[in-house]
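First the structure, in the form of structure tokens, and then the observations on it.
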Amino acid sequence: MVIRTAAILGRAMLFHSQPFLLGFLPICLAAFFLLGQFAGPAWALRWLLAASLFFYAWWNPPFVLLLAASIGCNYALGRRILRLAEQQKRQSARRWLAAGIVLNLALLGWFKYADFILHSLWPSAPALGVFLPLAISFFTFQQIMFLADSARGQRADVGLLPYATFIAFFPHLIAGPIVRPGEVIPQLLRPDLATPRAENIGAGLMVFLLGLCRKLVLADTFGAFADTGFDAAAHGAALSFFEAWYAALAYSLQIYFDFSGYSDMAIGLARMLNVHFPLNFDSPYKSCNIAAFWRRWHITLGTFLRDYLYIPLGGNRRGEGRRMLNLMATMLLGGLWHGAAWTFVLWGGLHGLYLVVHSRCRTRVPPLLGHLLTIIAVVLAWVPFRASGVHTALSIWSGMAGLHGIALPQMIVHALPPLAAIATAAPVLP
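This is how it looks when you write it as structure tokens:
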């Protein structure tokens, strides 16, 4: 399967890259506040949209047309659905909502899953070579939320400019949070949006720097150790007990600090622009059970899956059997959303199984034991998430079970002191 990101064709402008830190960000902030002071908030909002589209185009300019077409289509659909909902024409509103959801999922399905589906059905088929547009998974979810909120009558009618700015807003494009229309659009319409506020700029800068440190210092450090083990397993090496657990634990910390770091950077950037994003991570590895983990890990994704998938499927309103089925379906689809591979489906299925078992278990577990069991379950599930294939995941799991020996390699002995120091400090970090 070959799915190539648009970033391959363009120059990446990640939040920690020099073009972003030394060029885009200071120019964006300065022009935003200057326009707000001398031309008015409407012009500042236009600038913010233009800057966000430029940020998107930096990866691959042609995909800006795709983003713009998606925004225009969904805006028109949302207005149509909202009018029907206000006129109490609920059946018509639902039909238009269904059409909008199908349209968005078809777009996502083609760019992200076409090769995956083709090679799952026909393994020897030539690759389609579909390029994956930046942030399509995120802006697809946000536009589905916009349509669903329109059908429920849970939003006010808004203009195209604030809606387009909300979708294209550069802080959430790389890795979320998955912000909701009702959380952000009203903030974009405030008359004092482009008024410089020292407290917001200062707080935003501090949160951004915290995220930057998490990414560059912690995530990249753990990532180097994780890559050694997972790459060796992918090339056929049989990892020992300590090697396998070492790689799995290192990746568990890498993905947390990487993902939460990008979320913190996004929250900080938005705050500097006087926009408040919701918290996306709340020390998930401190959780004492798997349900608590999902209330604290990628919070905006969890609430989206709950409100726009699990509850519409029936939630817990149709009996215990249906509730477990809904949980499993939600997590399987959540896993597939992360990536077009069976390893992500396996990760989602494991978490679905964990949640089903947790919901059925009536035994009270001491907090310390619950915390230990949760960490073990989460670490085991991260293995297929990182592995290059199911076979690699099975090999690492075999090593974690001690089936390939229990020797402690010399490289791990040398790496243990710095890793132990970082791992000891990690739980106390916010």
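All residue numbers for the sequence shown refer to the working numbering, where the first residue is -9 and numbers rise by one.
All C-beta atoms in this analysis are idealised placements derived from N, C-alpha and C, irrespective of residue type, glycine included.
Can you tell me whether residue i is buried or exposed, with buried defined as 16 or more other CB within 10 angstroms of its CB?
i      : result
Phe23  : buried
Glu233 : buried
His381 : exposed
Gln8   : exposed
Cys351 : exposed
Thr320 : buried
Val92  : exposed
Arg354 : exposed
Ser423 : Past the edges of the chain, shown from -9 to 420, lies residue 423, and the structure says nothing about it.
Gly311 : exposed
Met3   : buried
Arg145 : buried
Ser114 : exposed
Leu98  : buried
Ala330 : buried
Ile257 : buried
Ala20  : exposed
Met196 : exposed
Ala88  : exposed
Is residue i helix, strand or coil when you go by DSSP?
i      : result
Val120 : strand
Leu220 : Contrary to the premise, residue 220 reads as Phe rather than Leu in this sequence. Phe220 falls in the helix class under three-state DSSP.
Trp327 : helix
Gly305 : coil
Gln144 : coil
Phe334 : helix
Thr320 : helix
Ser110 : helix
Arg180 : coil
Asp272 : coil
Ile126 : helix
Within the same chain, show all residues whose beta-carbon is closer than 6 Å to that of residue i, passing over the 5 residues directly before and after it, in chain order.
i       : result
Ala237  : Ala216, Gly219, Phe220
Leu208  : Phe247
Ser385  : Ala223
Leu95   : none
Met(-9) : Model confidence at Met(-9) stands at a pLDDT of 36, short of 50, so the residue's coordinates are unreliable; what they give is reported in the following sentence. Asp105, Phe106, His109.
In terms of residue numbering, what span does the alpha helix (DSSP H) encompassing residue i cover?
i      : result
Gly90  : 80 to 98
Asn190 : 188 to 203
Ile164 : Note, Ile164: premise wrong, no alpha helix (DSSP H); not H, not E.
Cys63  : 53 to 76
Ser253 : 231 to 262
Trp48  : 31 to 49
Met390 : 380 to 390
Ala209 : Element bounds for Ala209: n/a, residue is neither H nor E.
Trp372 : 357 to 376
Pro16  : 15 to 28
Pro152 : 150 to 158
Leu299 : First-last for Leu299: undefined, no H or E at that position.
Spatial neighbours of residue i within its chain, please: C-beta separation below 8 Å, excluding the five flanking residues on both sides.
i      : result
Ser250 : Gly201, Arg204, Asn270, Phe271
Arg425 : Since the first residue of the chain shown is -9 and the last is 420, residue 425 is not available in this structure.
Ile289 : Pro167, Pro268, Leu269, Asn270, Phe271, Asp272
Leu118 : Val(-8), Ala104, Asp105, Leu108
Cutting at 7 Å between CB atoms, please list the residues of its own chain near residue i, excluding the five before and the five after it.
i      : result
Phe131 : Ile168, Phe294
Ile134 : Ile91, Asn94, Tyr298
Ala66  : none
His6   : Leu202, Lys205, Leu206
Ala377 : Phe220, Thr333, Ala383, Ile386
Ala47  : Val54
Between residue i and the ligand FAD, is there a pair consisting of the residue's CB and a ligand heavy atom that are separated by less than 7 Å?
i      : result
Phe249 : Among the components modelled here there is no ligand, and therefore nothing to report on the ligand FAD.
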